[in-house]
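Just below is one structure, and these are the notes that go with it.
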Amino acid sequence: EIIDPAQFCDIEGMGTAKAAQLSAALEFARRRINPSVKRINTPADAVPLLFHYASCRKEHFLCISLNGAHEVIAVRVVSIGTLNRTLVHPREVFSEPLTDAASGIICAHNHPSGNNDPSHEDIELTGRLKDAGGILGIGLLDHLVISETGYYSFLENGLL
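Under the working numbering, the first residue of the sequence shown is numbered -7, with each subsequent residue one higher.
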């Protein structure tokens, strides 16, 4: 439910412009906490949750926790790296999904270069995450590489 800015105008010192700003900020927070994409059936369904990281100048590694119905539990930044790499360990990737009681995850990271092709290190990491998830009972459903030019899905390209 969108909050009407008029509700804030009753507060002393709150003008219509500030009320509108506050209302917009609360709506923004609501959408970030409760994203409009609730169920992920295809890799493309996950992209709207991640696309605002595509333009970041440093690599960001992200993890989407999903329940058994592939509904989004949470989207989290696991690591922030440099211009062309980020250090990621399965321990950090799976710590929050374990707490979430997630049944699966989708990992993603951005390529600031705009090249969506996975690096050799990206492919190796995906294999390690798949193995770790298998041991923990949390499936790695996909690994996405995102940039302003689009995305690459390990699942769609037969690497998962």
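For each residue, glycine too, the CB sits at the ideal point set by N, CA and C.
Could I get the ranges of all uninterrupted beta strand (DSSP E) runs contained in the region 30 to 72, with 3 residues as the minimum, in chain order?
52 to 58 and 64 to 72
Using 8 Å as the threshold, is the region 135 to 151 in touch with the region 87 to 106, meaning 3 or more CB pairs across them?
yes
Tell me which same chain residues have a C-beta within less than 6 Å of the C-beta of residue 69, skipping the five on either side of it?
Residue mapping note: residue 69 aligns to position 77 of the sequence shown, counting from 1. So the qualifying residues of the chain are 52 and 54.
Which value, in whole angstroms, describes the spacing of the CA atoms of residue 141 and residue 109?
Within the sequence shown, the letter at position 149 stands for residue 141. Within the sequence shown, the letter at position 117 stands for residue 109. Each residue's Cα considered, the two are about 11 Å apart.
Of the residues 6, 112 and 75, the one placed nearest residue 105, counting alpha carbons only:
Indexing the sequence shown from 1 puts residue 105 at position 113. Out of 6, 112 and 75, the CA that lies nearest to the CA of residue 105 is found in 75.
Other residues of its chain near residue 65: CB distance less than 7 Å, five sequence neighbours each side excluded
Against the sequence shown, residue 65 aligns to sequence position 73. Excluding residues within five positions, the ones whose Cβ falls inside 7 Å are 57, 58, 59, 92 and 94.
Roughly how many angstroms separate the alpha carbons of residue 90 and residue 11, rounded to a whole number?
Here residue 90 corresponds to residue number 98 of the sequence shown, with the count starting at 1. Here residue 11 corresponds to residue number 19 of the sequence shown, with the count starting at 1. Approximately 39 Å between the Cα atoms of the pair.
Tell me whether the beta-carbon of residue 172 lies closer than 7 Å to the beta-carbon of residue 0.
What the structure shows of the chain is the stretch from -7 to 152, and residue 172 is not part of that stretch, so it cannot be assessed.
DSSP puts residue 135 in a beta bridge; with which residues?
For the purposes of this step, residue 135 is taken as the residue at position 143 of the sequence shown. 99, per the DSSP bridge assignment.
For residue 152, which option in 127, 36, 33 and 121 has the closest C-alpha, if you only look at C-alpha atoms?
The residue labelled residue 152 in the question sits at position 160 within the sequence shown. Comparing Cα positions, the closest option is 121.
Span of the alpha helix (DSSP H) holding residue 176?
What is shown of the chain runs -7 to 152, which leaves residue 176 out entirely.
Closest to residue 197 by C-alpha separation, out of 129, 125, 107 and 124, would be which residue?
What the structure shows of the chain is the stretch from -7 to 152, and residue 197 is not part of that stretch, so it cannot be assessed.
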